[in-house]
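According to this note's numbering, the stretch in the sequence shown is residues 35 to 546, in order.
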Amino acid sequence: MKSFYITTAIDYVNGSPHLGHAYEKVLTDVIARFRRQQGDQVHFLTGVDEHGQKVQASAKRKGMPPQQFCDEVSAEFRALLPRLNITNDDFIRTTEERHQRVVRKILQELFDRGEIYQAEYQGFYSTRQEQFLQEKDRLPDGTWPEIFGEVTEITESNYFFKLRQYQDWLIDHLTKHEDFIFPRYRQKQVLEFLKEPLNDLCISRPRERLEWGIPLPFDANYVTYVWFDALLNYYSAVADHPGGWPATWHVIGKDILVPPHAVYWPIMLHAAKLPLPGGIIAHGWWMQRGAKMSKSTGNALNPLDLVTEFGADAFRYFLMREMNVGQDSDFTREQFLVRYNSELANNLGNLVNRTLNMTTRFAAGVLPAAEVTEDLERSLQELWEKTRNEFIPLCEGFQFHTALERAMFFLTETNAYIEKRAPWKLGKSTTPTDQALLRTSLATMAEALRLAVALIQHVTPTATEKINAVLGYKPGTVWLEELNWGQRLVGSPVAATLVLFPRPLPPAPATV
Ligand code: MSP
35 MKSFYITTAI DYVNGSPHLG HAYEKVLTDV IARFRRQQGD QVHFLTGVDE HGQKVQASAK
95 RKGMPPQQFC DEVSAEFRAL LPRLNITNDD FIRTTEERHQ RVVRKILQEL FDRGEIYQAE
155 YQGFYSTRQE QFLQEKDRLP DGTWPEIFGE VTEITESNYF FKLRQYQDWL IDHLTKHEDF
215 IFPRYRQKQV LEFLKEPLND LCISRPRERL EWGIPLPFDA NYVTYVWFDA LLNYYSAVAD
275 HPGGWPATWH VIGKDILVPP HAVYWPIMLH AAKLPLPGGI IAHGWWMQRG AKMSKSTGNA
335 LNPLDLVTEF GADAFRYFLM REMNVGQDSD FTREQFLVRY NSELANNLGN LVNRTLNMTT
395 RFAAGVLPAA EVTEDLERSL QELWEKTRNE FIPLCEGFQF HTALERAMFF LTETNAYIEK
455 RAPWKLGKST TPTDQALLRT SLATMAEALR LAVALIQHVT PTATEKINAV LGYKPGTVWL
515 EELNWGQRLV GSPVAATLVL FPRPLPPAPA TV
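And the structure:
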C-alpha cells in the first residue's frame, strides 16, 4: 500500500473558525478520501496553532490564562471537523508535549551544529503578522500595507537561523522539482522571490515581550518565533511513527506560501537533515464583497450556519464545485442557492425521486434487469465511460470544480434519457417490447444514479451513503470496480422516497 500523508495549515486560535478555515479542511478531506478510496494508506493531520502574541493578547483581553483560552477556542475548531464530515486521523495542538519536545530537540540540534546564532536586531515589527518587516515591504508612499496592522520599530537581541546560506540550494531544488508547488504558477512566484537575497530568519522572542511560546532549549530567556514552532507541527505529529515523515502534500492558503512554507520550511528540513515533503498545494481565498474573508475584516461567515441550514454535503459540494483550487472565489448566498437548487435539488435530487417513484410504481419496488440496449442506452453508457475516464485524472490534478461539472453533466443527461424513454408512457402499454423497455429504463436510471454517486462520494459522502441505502445497495471495497457499468442492482428492493436536498424556504420578508 502506498502511504499518503496530507496536512492542513494549523489555525490560529485567536478567533472562531470561519468559512476560509472550513474550506481548507474540506479540500484536504476530499483529497484524503479520494486517495483512501484508491487504496492508499492515508494519514490526515490537522490542528491548531496556539502560541504567539495574538493568542496571548486575545487571552488577556478575555481575562483568561492563555492555556485555558486555547483549550476553549481549540475545542471549537475541533468540534467543526465532524460537522463537516472531515476524516482526519490526528489533531495536533502546538501546546502539546509531543510537539514541544520535538521543537526543542530540533532547535538544540541546529544550535549544536552552528545553524543558529545570536545577534542584535533593529527593525520594524508587525504584531499582527508577527514578523519583522523589510524596507521592500513598504508601499510606494512609505507607509506599511494594511495587512501588517500596527508597525513599530524595535531593537533587541535575538536568535537567528542561517537561512541565507541555503538560498542556492533551494533555488536548485525548486528548479529540479517543477511540481513542488501547486498550482505551478505559484512556483514561479517563489523563484521570483528568491531572486532577492534572503535574510537569516529571526526565530526567537525575548520572554519579557512574549511569554506564550516554547522556551529555547539553549536559552531560557527566549521563546521560539511563531513560524519555527508552527511549521514543525507537520513533523512532530509523526516523529514517533517510523515511516511517518515526509508528508506527501501540505495544503495551505496562498497567504502563507511565501516565505513560510515555500522558503523557511524546506530550508529548515534540509538543515535538520530531514526529507522534504512531496509538495505544497496553495489554495486561494474565499472573498466577500471583494475582500478576503477574515475575522479582522469582519466579513467572516460562520460555516456552521450553512451546514446547519443545508447539510454538510451541500456545503462541501458547493466549496469544491465553485472554487478552482489556487484561485480566489467570491462567496455569495445567491450563488450557493443557485448551485444547491439546480445541481443538487433538481439534478441529483430529481433523479433519486424518479428512480424511487417509478421503481415503486412500475416494478413493485424491486429493480429489474436491463434487457435491451438501444441507442439511448448505448450513448448514456458511453457518456458514463467518458465521464469516469475524465473525472479521475481531474481529481488527481486537484481540478475538482471541473470534475464535478462533468459528473453533473452526466446526471443531466441521465435525466434527459428518462425524458426520452418516458417510462410513464411505457407503463401504459402492455406490449412485451414496451414492457422490456420499461424495465430497461428503470434499471438504466438506477445504475446511472449508483455510478454517479459512487463517483462523487469523496465530496458528498453522506448523500452517497443514503442513496446506496435507498437503492438497497452495499458497495464493494474496491472503489474503481464500483465504477464499472453493470447490473449490480438487479433484484434490489428500493425505498419509496428519500428527501435529500429539501428546497430551502425563500428568505423571510424583512420585518419593518
Ligand atoms: N497559524 C498559521 C498557519 C501555520 S501553518 C504551519 C495561520 N493560521 S490562520 O488561522 O490565519 O489560517 C489558517 C489557514 O486558513 C491558512 O492556510 C489560510 O490561508 C486559510 N484561510 C484563512 N482565511 C482564508 C480565506 N478567506 N479563504 C481561504 N482560506 C483562508 O495562517
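Just so it is clear, CB atoms sit at the ideal spot from N, CA and C, and this is done for glycine as well.
Predicted model only: the values in this text are computed from it and were never measured.
Query raised in the report: Between which two residues does the alpha helix (DSSP H) carrying Trp320 extend?
Result: Taking the sequence shown and counting its residues from 1, the one referred to as residue 320 is at position 286. From DSSP, Trp320 is part of no alpha helix (DSSP H) but of the beta strand (DSSP E) over 320-322.
**Report entry** Any non-hydrogen atom of ligand 2 within 7 Å of Lys88 CB
**Finding:** With respect to ligand 2, the structure shown offers nothing to examine, as its ligands consist of ligand 1.
Query raised in the report: Is the stretch 265-274 touching the stretch 45-62, taking contact as three or more C-beta pairs under 8 Å?
Result: Output reads no: the stretch 45-62 does not touch the stretch 265-274.
Query raised in the report: Going by C-alpha distance, which of Ala450, Thr446, Ser475, Tyr451 is nearest Leu548?
Result: Any answer about residue 548 is impossible in this case: the structure gives the chain only from 35 up to 546.
Query - Cα-Cα separation, Ala398 to Phe434 - result: Within the sequence shown, residue 398 is the residue found at index 364, counting from 1. Within the sequence shown, residue 434 is the residue found at index 400, counting from 1. Whole-angstrom Cα-Cα distance: 38 Å.
**Report entry** Inter-residue spacing [alpha-carbon to alpha-carbon] between Ala296 and Val504
**Finding:** For the purposes of this step, residue 296 is identified with residue 262 of the sequence shown, where counting begins at 1. For the purposes of this step, residue 504 is identified with residue 470 of the sequence shown, where counting begins at 1. If I take the Cα positions, the gap works out to 47 Å.
Query - Inter-residue spacing [alpha-carbon to alpha-carbon] between Asn449 and Trp513 - result: On the sequence shown, position 415 is the one that residue 449 refers to. On the sequence shown, position 479 is the one that residue 513 refers to. Straight-line Cα distance between these residues: approximately 24 Å.
Report task. Measure the Cβ-Cβ separation of Ile40 and Val285 and say whether it is below 8 Å. Result -> Translated into positions along the sequence shown, residue 40 becomes position 6. Translated into positions along the sequence shown, residue 285 becomes position 251. A contact, by the Cβ cut-off of 8 Å.
Query - Own chain, CB closer than 8 Å to Leu265, minus 5 neighbours either side, in chain order - result: Here residue 265 refers to the residue found at position 231 of the sequence shown. The residues are Pro294, His295, Tyr298, Trp299, Met302.
Query raised in the report: Is Pro457 buried or exposed, if buried means 16 or more other CB atoms sit within 10 Å of its CB?
Result: Residue 457 sits at position 423 when you count from the first residue of the sequence shown. Answer is buried; the Cβ neighbour count reaches 16.
Query raised in the report: To the nearest whole angstrom, what separates the beta carbons of Ala529 and Thr478, a pair I think is in contact under 8 Å?
Result: Start at 1 with the first residue of the sequence shown, and residue 529 comes out as number 495. Start at 1 with the first residue of the sequence shown, and residue 478 comes out as number 444. That pair is no contact at about 19 Å.
Query - Cβ neighbours of Gln71 in the same chain (closer than 6 Å, five flanking residues each side left out) - result: Residue 71 sits at position 37 when you count from the first residue of the sequence shown. If we look at Gln71 and ignore the five residues flanking it on each side, its Cβ neighbours are Trp513.
Query raised in the report: Exposed or buried, what is Glu516 when buried is set at 16 or more other beta-carbons lying within 10 Å of its beta-carbon?
Result: Stepping through the sequence shown from its first residue, residue 516 is reached at position 482. Its Cβ being crowded by 16 or more others within 10 Å, Glu516 is buried.
**Report entry** Beta carbon of Val89 nearer than 8 Å to that of Tyr159
**Finding:** Here residue 89 refers to the residue found at position 55 of the sequence shown. Here residue 159 refers to the residue found at position 125 of the sequence shown. Against a cut-off of 8 Å, the Cβ pair of Tyr159 and Val89 comes out as no contact.
Query raised in the report: Smallest Cα separation from Asp253: which of Asp146, Gly318, Asp234?
Result: Residue mapping note: residue 253 aligns to position 219 of the sequence shown, counting from 1. Asp253 has its Cα closest to that of Asp146, out of Asp146, Gly318, Asp234.
Query raised in the report: Taking C-alpha atoms, which residue in Gly510, Val292, Pro427 lies nearest to Gln221?
Result: Locating residue 221 in the sequence shown gives position 187, counting from the first residue. Nearest option by C-alpha distance: Val292.
**Report entry** Cβ shell of Phe396 (< 7 Å), same chain only, five flanking positions each side left out
**Finding:** As a working note, residue 396 is residue 362 in the sequence shown. Around Phe396: Pro457, Gly461, Leu472, Leu476.
**Report entry** Nearest neighbour of Asp203, chosen from Val372, Pro231, Met327 [CA to CA]
**Finding:** Taking the sequence shown and counting its residues from 1, the one referred to as residue 203 is at position 169. Residue identity differs from the one stated: residue 203 is Trp in this sequence, not Asp. Comparing Cα-Cα distances from Trp203 to each of Val372, Pro231, Met327, the minimum goes to Pro231.
Query raised in the report: Counting Cβ pairs closer than 8 Å, one from the stretch 67-81 and one from the stretch 322-332, do we hit at least three?
Result: no
Requested in this report: Have a look at Asp289 and Gly157 and give me their C-alpha separation to the nearest angstrom.
Outcome: On the sequence shown, position 255 is the one that residue 289 refers to. On the sequence shown, position 123 is the one that residue 157 refers to. Roughly 22 Å separates the two Cα atoms.
Requested in this report: Take Thr389 and list the residues in its own chain whose beta-carbon comes closer than 6 Å to its own, dropping the five residues that flank it on each side.
Outcome: As a first step, residue 389 must be located in the sequence shown, where it is residue number 355. Cβ within range, chain order: Met479, Ala480, Leu483.
Report task. Provide the residue(s) that pair with Trp283 in DSSP beta bridges, ordered along the chain. Result -> Within the sequence shown, residue 283 is the residue found at index 249, counting from 1. The partner list for Trp283 (beta bridge, DSSP) reads Ile40, Gly313.
Query - Straight-line gap, Val493 to Gln322 (C-alpha atoms, nearest Å) - result: Residue mapping note: residue 493 aligns to position 459 of the sequence shown, counting from 1. Residue mapping note: residue 322 aligns to position 288 of the sequence shown, counting from 1. Their backbone Cα atoms lie some 24 Å apart in a straight line.
Report task. Would you identify the three-state DSSP class for Lys229, choosing helix, strand or coil? Result -> For the purposes of this step, residue 229 is identified with residue 195 of the sequence shown, where counting begins at 1. Here Lys229 sits in coil by DSSP.
Query raised in the report: Are there three or more Cβ pairs, one per stretch, closer than 8 Å when the stretch 116-126 is compared with the stretch 330-349?
Result: Judged by pairs of C-beta atoms under 8 Å, the stretch 116-126 touches the stretch 330-349, as three or more such pairs exist.
Query raised in the report: Quick one: is the Cβ of Tyr39 within less than 7 Å of any heavy atom of ligand 1?
Result: Residue 39 sits at position 5 when you count from the first residue of the sequence shown. Not so, every heavy atom of ligand 1 lies at least 7 Å from the Cβ.
Query raised in the report: Expressed to the nearest angstrom, what Euclidean distance is found between the alpha-carbon atoms of Phe262 and Ile237?
Result: Numbered from 1 along the sequence shown, position 228 holds the residue referred to as residue 262. Numbered from 1 along the sequence shown, position 203 holds the residue referred to as residue 237. Rounded to whole angstroms, Phe262 to Ile237 spans 6 Å at the Cα level.
Report task. Between the Cα of Val487 and those of Asn518, Gln469, Thr189, spot the shortest distance and give me the residue it belongs to. Result -> Taking the sequence shown and counting its residues from 1, one reaches residue 487 at position 453. Val487 has its Cα closest to that of Asn518, out of Asn518, Gln469, Thr189.
Query - Outcome for Arg132 when other beta-carbon atoms lying within 10 angstroms are tallied against a minimum of 16 - result: Residue numbering aside, residue 132 sits at position 98 when the sequence shown is read from its first letter. The residue in question, Arg132, is exposed, as its Cβ has fewer than 16 Cβ neighbours within 10 Å.
Query raised in the report: Hey, quick one: how far does the alpha helix (DSSP H) through Thr258 stretch, first residue to last?
Result: Walking along the sequence shown from the start, residue 258 turns up at place 224. First-last for Thr258: 253-258, but that is the beta strand (DSSP E), not the alpha helix (DSSP H).
Query raised in the report: Looking at C-beta atoms only, is the number of pairs between the stretch 427-444 and the stretch 352-359 that lie closer than 8 Å three or more?
Result: yes
**Report entry** Contact check, Glu164 vs Gln87, beta carbons under 8 Å
**Finding:** In the sequence shown, residue 164 corresponds to position 130, counting from 1. In the sequence shown, residue 87 corresponds to position 53, counting from 1. The answer is yes: Cβ separation under 8 Å.
**Report entry** Straight-line Cα distance separating Glu110 from Gly247
**Finding:** As a working mapping, residue 247 is identified with position 213 in the sequence shown. As a working mapping, residue 110 is identified with position 76 in the sequence shown. Spanning the two alpha carbons is a distance of roughly 21 Å.
Requested in this report: With DSSP as the reference, label Pro457 as helix, strand or coil.
Outcome: Counting from 1 along the sequence shown, the entry for residue 457 is found at position 423. DSSP places Pro457 in helix when its eight states are reduced to three.
Report task. Closer than 6 Å by C-beta to Met35: which residues in its own chain qualify, once you throw out the five before and the five after it? Chain order, please. Result -> As a first step, residue 35 is located in the sequence shown; it is residue number 1 there, counting from the start. Closer than 6 Å at Cβ, skipping near neighbours: Gln75.
**Report entry** Assigned secondary structure, Pro538 (DSSP; H/G/I helix, E/B strand, else coil)
**Finding:** Indexing the sequence shown from 1 puts residue 538 at position 504. Three-state result, Pro538: coil.
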